[in-house]
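The working numbering puts the first residue of the sequence shown at 3, with every later residue one more than the last. Virtual Cβ for every residue (Gly too), placed ideally from N, Cα, C. All remarks here apply to the structure that follows.
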Amino acid sequence: METQFPVSKMSKESYTERKAVAGQTLTGLGKWWGRKPLVLCRATILGLLLPATDDPQMDREVFLRLMTMDDDGMLRRMKSIPQKVIFAKLPPADRARYFKPDSTEKKAAFKKGIKKDVKTSLARRAFLSMSYDERLKYCVRPEQINGPSESSWKVINAHLGTSASTLPELVAQLGQRRFGRVPRVGDSFCGGGSIPFEAARIGCEAYGSDLNPVAALLTWAALNIVGGGEEVAKEVQKAQREVYEAVDRQITEWGIEHREPAPDTGRRWRADAYLYCTECTCPECGWRVPMAPSWVIAEKTNVIAKLIPDERSKRYDFEVMEHVSTEELEA
Numbered sequence: 003m004e005t006q007f008p009v010s011k012m013s014k015e016s017y018t019e020r021k022a023v024a025g026q027t028l029t030g031l032g033k034w035w036g037r038k039p040l041v042l043c044r045a046t047i048l049g050l051l052l053p054a055t056d057d058p059q060m061d062r063e064v065f066l067r068l069m070t071m072d073d074d075g076m077l078r079r080m081k082s083i084p085q086k087v088i089f090a091k092l093p094p095a096d097r098a099r100y101f102k103p104d105s106t107e108k109k110a111a112f113k114k115g116i117k118k119d120v121k122t123s124l125a126r127r128a129f130l131s132m133s134y135d136e137r138l139k140y141c142v143r144p145e146q147i148n149g150p151s152e153s154s155w156k157v158i159n160a161h162l163g164t165s166a167s168t169l170p171e172l173v174a175q176l177g178q179r180r181f182g183r184v185p186r187v188g189d190s191f192c193g194g195g196s197i198p199f200e201a202a203r204i205g206c207e208a209y210g211s212d213l214n215p216v217a218a219l220l221t222w223a224a225l226n227i228v229g230g231g232e233e234v235a236k237e238v239q240k241a242q243r244e245v246y247e248a249v250d251r252q253i254t255e256w257g258i259e260h261r262e263p264a265p266d267t268g269r270r271w272r273a274d275a276y277l278y279c280t281e282c283t284c285p286e287c288g289w290r291v292p293m294a295p296s297w298v299i300a301e302k303t304n305v306i307a308k309l310i311p312d313e314r315s316k317r318y319d320f321e322v323m324e325h326v327s328t329e330e331l332e333a
């Protein structure tokens, strides 16, 4: 890692992972500022373990194969590519041979009778002709496949003198050679738990701690819930359902979050969300004034909160107004 590191490609992979937003592996556990991308954690750990040889070009190739960032790995990560994109990447002769005559770069369709394996071959050709940035639009993330292919492992093992077929096996062999044991990775300020989680996932002994109890809990959840497998996930879902049902029974018994049947429709309503704001007492007139950036509740359905003065109490009540005019919405 101290000799060379594919910074540009790693930056692009990290950005792609961040753009997945809710599709990221750990973010569903809870929000934490400064989460490190898992792909970057994996690359850093592998980069620290891999030896620098007298063949830097092969060192780089092996690293990219391990990260499935080489051509073979990216083909394994390839998703479905739109026909218009395939059409745009092919030479005129192939366009005429495989696509309907009225196909364009905005709208294209294969001719009838083109076999599936031919379509797959054309998609792979189109994919390999793309720049790295373009390829990432049609790829899953490295963590979403089972590592390098069998052919890549042959190249990796030949260069490193190992006999691995999975990342944990490789990590164990490299650690045994260098330290005499499985590598240990520690993070004393683990935050959202990215480093311990990824270290454990690729076969290291992982240790994490943090002064912030929220961070410690997120890291524990990353290792024990996300990393716990299907059985743990089922247990968590069962526990969540039991808690939800118990709370629901209690709330229903108390009668809160419920409204009596509306006289016009007879429907029973239950609160879905609560909105609140703070109040500030005016030093001049003594009125309690609610503070909020906007009184719009829902733009799509034109719902607003209207302030109703209460002269007696010197404060404001709220009235929810539905289907108001555009002028009222913007007021």
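Considered as a whole, the region 243–328 harbours 280–283, 290–293, 298–300, 305–312, 317–323 as its complete beta strand (DSSP E) runs of no fewer than 3 residues, in chain order.
Within the region 203–243, the runs of alpha helix (DSSP H) that reach at least 4 residues and sit entirely inside it are, in chain order, 215–226.
Under the three-pair Cβ rule at 8 Å, the region 40–52 counts as touching the region 198–218.
The continuous stretches of alpha helix (DSSP H) do not include V187, which lies in the beta strand (DSSP E) extending over residues 186–189.
Beta-bridge analysis with DSSP links C192 to no other residue. Between the beta-carbon of T27 and that of L42 there is about 13 Å, and that puts the pair past the 8 Å contact cut. For the pair of segments examined, the region 111–119 was found not to touch the region 55–71: the number of CB pairs separated by less than 8 Å stays below three.
In the DSSP assignment, M76 falls within the unbroken alpha helix (DSSP H) covering 73–79. In this structure, the CA atom of R183 is about 54 Å from the CA atom of I116. With a cutoff of 7 Å on beta-carbon distance, S196 and S211 are scored as not near each other. Just measuring C-alpha positions, the residue of V322, A160, P198, A90 sitting nearest E136 is A90. In terms of Cα proximity to C284, the closest of Y318, V322, W297 is Y318. I88 and R78 have their C-alpha atoms roughly 17 Å apart.
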